[in-house]
Amino acid sequence: MIAPDAVPYLPRGVRLHRDHVRDRWVLLAPERTISLDMIGHAIITELDGSSGFAQIVNRLAAKYDAPADQIAGDVQQFLGQLAERRFLEVRA
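By the working numbering, the letter at position 68 of the sequence shown is numbered 116, and the numbering carries on one by one without gaps.
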């Protein structure tokens, strides 16, 4: 679980990239790639390295006019999976 004030960020070597050949967004890491859907891209673009988890959720809730508690669960799951695969780190 990511705490509300914890700051998720992309670690060194991981970057968001537009794959123009396949017309999709991907996360690139050394010798690894993850394709992102529209929701994943929306979440990743909110990671600025200084915003806490709760701030990210609130921005997404406002942007997409959706309940923050519903978005929090989805974001928590997505970022948790990225962290397990070492595409994301969290600073407490």
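By construction, the Cβ of each residue, glycine as well, lies at the ideal position given by its N, Cα and C atoms. Computed from a prediction, not measured in an experiment: that's the story for all the values here.
Using DSSP's beta-bridge definition, name the partner residues of residue i.
| i | result |
| --- | --- |
| D71 | Its beta-bridge partners do not exist; DSSP assigns none. |
| P52 | According to DSSP, which records beta bridges pairwise, P52 is partnered with nothing at all. |
| R66 | W73 |
Between the alpha carbons of residue i and residue j, how many angstroms are there, rounded?
| i | j | result |
| --- | --- | --- |
| Y57 | L136 | 6 Å |
| S99 | V55 | 6 Å |
| H89 | L130 | 13 Å |
| F101 | T93 | 13 Å |
| G128 | A116 | 17 Å |
| R80 | A120 | 27 Å |
| P59 | P78 | 11 Å |
| R63 | A109 | 24 Å |
| V69 | Q124 | 30 Å |
| V138 | I82 | 19 Å |
In terms of residue numbering, what span does the alpha helix (DSSP H) encompassing residue i cover?
| i | result |
| --- | --- |
| E132 | 116-132 |
| L84 | Taken as a continuous stretch (DSSP letters only), L84 belongs to no alpha helix (DSSP H), being part of the beta strand (DSSP E) at 80-84. |
| V105 | 101-112 |
Just reading off the beta strand (DSSP E) that residue i is part of, what are its end residues?
| i | result |
| --- | --- |
| E137 | 137-139 |
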